[in-house]
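Engineer: Our numbering puts the first residue of the sequence shown at 171, with every later residue one more than the last.
Backbone N, C-alpha and C fix where the C-beta goes; we use that ideal spot for every residue, glycine too.
Predicted model only: the values in this text are computed from it and were never measured.
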Amino acid sequence: ETGLKYTVATDGHYLKKEDRQSHKYYLLAQNIAREVDAFYDSTYIMSEEEVRSYLNLYLTDDEIQAAFDATMEIYDKVELYDLQQKTIIPHPDISPDFKLEHKLEPAYEQYEYIKRFAYSEYVEDQYYWSLVQEGLIRKIIQDRQADKEYFHKCLDRVNTEFRELWLISERLGDRMSAYYGLTEEVVNEIWTNGDSIVGVSRGSAAGYFTNFLSGIVQVSALDYDLPHFRHLTAERPELPDKYLSSMLATV
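Below is the structure:
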């Protein structure tokens, strides 16, 4: 109806269906509490026939073919590039007039990595803390009227996630906070100027409470007891996937 093209892909965590058990043992070897069975049953690189068998449950043959055609159109435009380079983290456009207000400064001494972000030499860290800080004030203190115990639970979770971002930043040689700051800008642009709406969350992004506080997702990890390590940990020093589901709004 919209004339928009769409593509098809698999969520490939391992190569072949028969590699399922090997992948399970790989996950278990990381010694992290996580789902290792049903969630990954079909997360391998499928043949075209397998993909079609899944999609036939929901789409017509013509609709499926259109997805394959659009996917191959992108494939034909792909250019080779050298993987032997450091990870490049995109940065947000932070105003030179930005100045962090330390509204929650009393918490700094108790939460080491919040303090590190607040007094970081990198403006990207300070900027992202400012977004999270505003989320704590508006969504937790004002909207939820949180008591002291719950508020410190929130601060502790923020501190845990900031620790992960800080350690990964040191290993990558760039600021992970820049990636999240830019993602917040993209989401905000979709909401305000894109004539679109954004899905509440996709993938593991909801596992980071700071994503909720900064407005990247609309689901609080603490409300659903979602573990932060499903999204990103210092044990996997890499850029996370940030799936954004959006759709055109009609009036």
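(1) Assign Y378 to buried or exposed, taking buried as 16 or more other Cβ atoms, counted over all protein chains shown, within 10 Å of its Cβ.
(2) Three-state secondary structure (DSSP) at Y292?
(3) Do the CB positions of L306 and L392 come within less than 7 Å of each other?
(4) Secondary structure at I367, three-state DSSP: helix, strand or coil?
(5) From the DSSP output, read off the bridge partner residues of Y184.
(6) Under 8 Å, with one C-beta from each stretch per pair, do the region 266-278 and the region 204-220 reach the 3-pair mark?
(7) Note down the Cα distance separating V389 from I310, rounded to an integer number of angstroms.
(8) Helix or strand or just coil, what does DSSP make of T362?
(9) Once DSSP output is grouped into helix, strand and coil, what is the label at Q312?
(10) Would you call H301 buried or exposed, if buried means 16 or more other Cβ atoms sit within 10 Å of its Cβ?
(11) Quick one: is S265 buried, meaning 16 or more other Cβ sit within 10 Å of its Cβ, or exposed?
(12) Helix, strand or coil for S265? Go by DSSP, reduced to three states.
(13) Using a Cβ-Cβ cut-off of 7 Å (strictly less than) and excluding sequence neighbours within five positions of G182, which residues of its own chain qualify?
Structural biologist: This is what the structure gives:
(1) By the Cβ-count criterion, Y378 is buried, with 16 or more other Cβ atoms from all chains shown falling within 10 Å of its own Cβ.
(2) coil
(3) no
(4) strand
(5) Y214
(6) no
(7) One C-alpha to the other measures close to 13 Å.
(8) helix
(9) helix
(10) First, the residue type needs correcting, since residue 301 is Leu and not His in the sequence shown. Label assigned to L301: buried.
(11) exposed
(12) coil
(13) T213, Y214 and I215
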